[in-house]
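**Student:** Encoded as structure tokens, here's the structure I'll be asking about.
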Amino acid sequence: MTKAALFRFLFIVLISFSFSNGFTQIEVCKTCPIKTIKEGIKQAKPHQKVIIKAGVYKEHMLIIDKPLTLITTEKATIDGENQGDIIQIFADSVTIDGFQIIHVGSSHTTDYSAIRVDKAAHFLIQNLELRKIFFGVMLAKAKHGTITNIKVYGDAVQQHNSGNAIHLWHSHHILIDKNELYKSRDGIYLEFSDDCIISNNISRENIRYGLHFMFSNRDEYRNNTFENNGAGVAVMFSKKITMIDNHFQYNWGSASYGLLLKEINDAEIIGNTFQENTIGINVEGSNRINYKNNDFRSNGWAIKVNGACYNNVFIQNNFLYNSFDVSYNSKMNNNSFNENFWSGYTGYDLDKDGLGDIPYRPVKLFSYVVNRTPNTIILMRSLFVDIIDFSESVSPAFTPDNLMDERPLMKQVK
């Protein structure tokens, strides 16, 4: 090939590459040939990028039914004017990136959302700010997608007329990472959604739950903060879940808890912090759960066990300055407490092996009395309570006689 022919070939390749990438991108702005997002989506070819310039775009029902990227680098705002769904995704390989989305609108019959993903896969939703929403991001029968770095600011007041910040239904292999979720009904809600990872999120001041999931198996929750929510976090009717290094804190109220476990089986709860909750963990009908290296600090009840709970293991946890460490509503015990640190332990360690020489009984008779008659809580700091707790520890009559930590730690677990 001659030098001139080679230059012609390279020029043609360069022009072809430019048109297939930069020059074929679609721009939307008030002074552009394409002035609306809806028209930009309509004009776009599959896998093209639609770039939205700065401005407020009063649009809703933006239907994406082909793979494309909808992006703004100038924080463009999409105002749905309270008309319903703003963006609907029905295609695989869609990216939504960078927008402020406001004014979704509410309904008593339809779950209107800022972004709805329906039966789509391999999507990416990122770098968004959602305000004045009903539901934030809703997934239905979606899979293999990512929701990351979005901020949802709800204004929920009552449960019946508010929605969830991030809502999954029959959706699988979803990553929800580094999001901040405020003042919705539930921060994150999953139902029939398996093999998901929820990590590094902050879910705060939601009027019901910071996290709520049911019938969702093999999910992993890591390094999230659930703080000052109406009732805390509710986990129900699921199996093989993992909760590691999360913070459950400041969930106060007569029906509040850090974490509710109901009908949960074969789970790992490791390295979490439960701080200043009415109840750290409220457990009901949950079996074969390993609780390890968790901190229970300054809660009303650290752990409250209701109903049939079998073959659970509590090992190397710190129980620090809780009003009640463990509450039990049965005289039967099939769970193991071993090598935990208890701030209320007053035993000794003569052989200096780091383990107390006498067992510790974490269930006090007074916690049994309070469960039966809540008003007796006013007697909590009285000498009478100390006497009955001591007598029960010597000769258990109302609490499980085999529920004890045989090897309590003398120092906190680090």
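Heads up: the sequence shown is residues -20 to -1, 1 to 394, going by mature numbering (1 follows the signal peptide of the UniProt record, and there is no 0). Heads up, the beta-carbon is just placed ideally off N, CA and C, and yes, glycines get one too.
Give the range of the beta strand (DSSP E) segment to which E248 is assigned.
**Tutor:** Residues L239 to I250.
**Student:** List, from N- to C-terminal side, the alpha helix (DSSP H) runs of 4 residues or more that fit wholly inside the segment 2 to 48.
**Tutor:** Correct list: 17 to 23.
**Student:** Who are the Cβ neighbours of I257 in its own chain at under 8 Å, not counting the five residues just before and after it?
**Tutor:** The displayed chain sequence assigns Asn, not Ile, to residue 257. So the list reads G212, F228, Q229, Y230, N231, W232, S236, Y237, G238, N279 and G280, once near-sequence residues are dropped.
**Student:** With H, G and I counted as helix, E and B as strand and the rest as coil, what does DSSP make of H83?
**Tutor:** H83 falls in the coil class under three-state DSSP.
**Student:** I'd like to know whether the C-beta atoms of S196 and G190 end up nearer to each other than 8 Å.
**Tutor:** Contact flag unset, no.
**Student:** Go ahead and pull the three-state DSSP assignment for H140.
**Tutor:** Helix, per DSSP.
**Student:** Would you grab the beta carbon distance between N292 and N262 for me? Rounded to a whole angstrom, and I think it's under 8 Å.
**Tutor:** 14 Å between Cβ atoms; not a contact.
**Student:** Quick check on DSSP: helix, strand or coil for L(-7)?
**Tutor:** Annotation note: pLDDT 43 at L(-7) (below 50); position unreliable, coordinate value reported separately. Here L(-7) sits in helix by DSSP.
**Student:** If you check the beta carbons only, do A122 and A94 fall under 8 Å apart?
**Tutor:** Contact: no.
**Student:** CB-CB under 7 Å to T53, same chain, minus the five flanking residues each way: which ones, in chain order?
**Tutor:** Cβ neighbours of T53 beyond the five flanking positions: G78.
**Student:** Quick check: the Cα distance between N129 and G327, rounded to an integer number of angstroms?
**Tutor:** Roughly 49 Å between the two C-alpha positions.
**Student:** Among I224, E264 and I221, whose alpha-carbon lies nearest the alpha-carbon of K242?
**Tutor:** Ranking the options by Cα distance to K242, first place goes to E264.
**Student:** Could you tell me which of N107, K99 and V132 sits nearest to H150, measuring between CA atoms?
**Tutor:** Comparing Cα positions, the closest option is K99.
**Student:** So what's D157 in DSSP terms, helix, strand or just coil?
**Tutor:** In this structure, D157 counts as strand in the three-state DSSP scheme.
**Student:** Whose C-alpha, out of I259, A71, Y133 and L119, is nearest the C-alpha of E160?
**Tutor:** Nearest of I259, A71, Y133 and L119 to E160, Cα basis: Y133.
**Student:** Rounded to whole angstroms, how far is the Cβ of N273 from the Cβ of G251, which I believe are closer than 8 Å?
**Tutor:** Going by Cβ atoms, the distance from N273 to G251 rounds to 5 Å, so yes, they are a contact pair.
**Student:** For A24, count the other beta carbons within 10 Å of its own beta carbon; 16 or more makes it buried, fewer makes it exposed. Which is it?
**Tutor:** Under this definition A24 is a buried residue.
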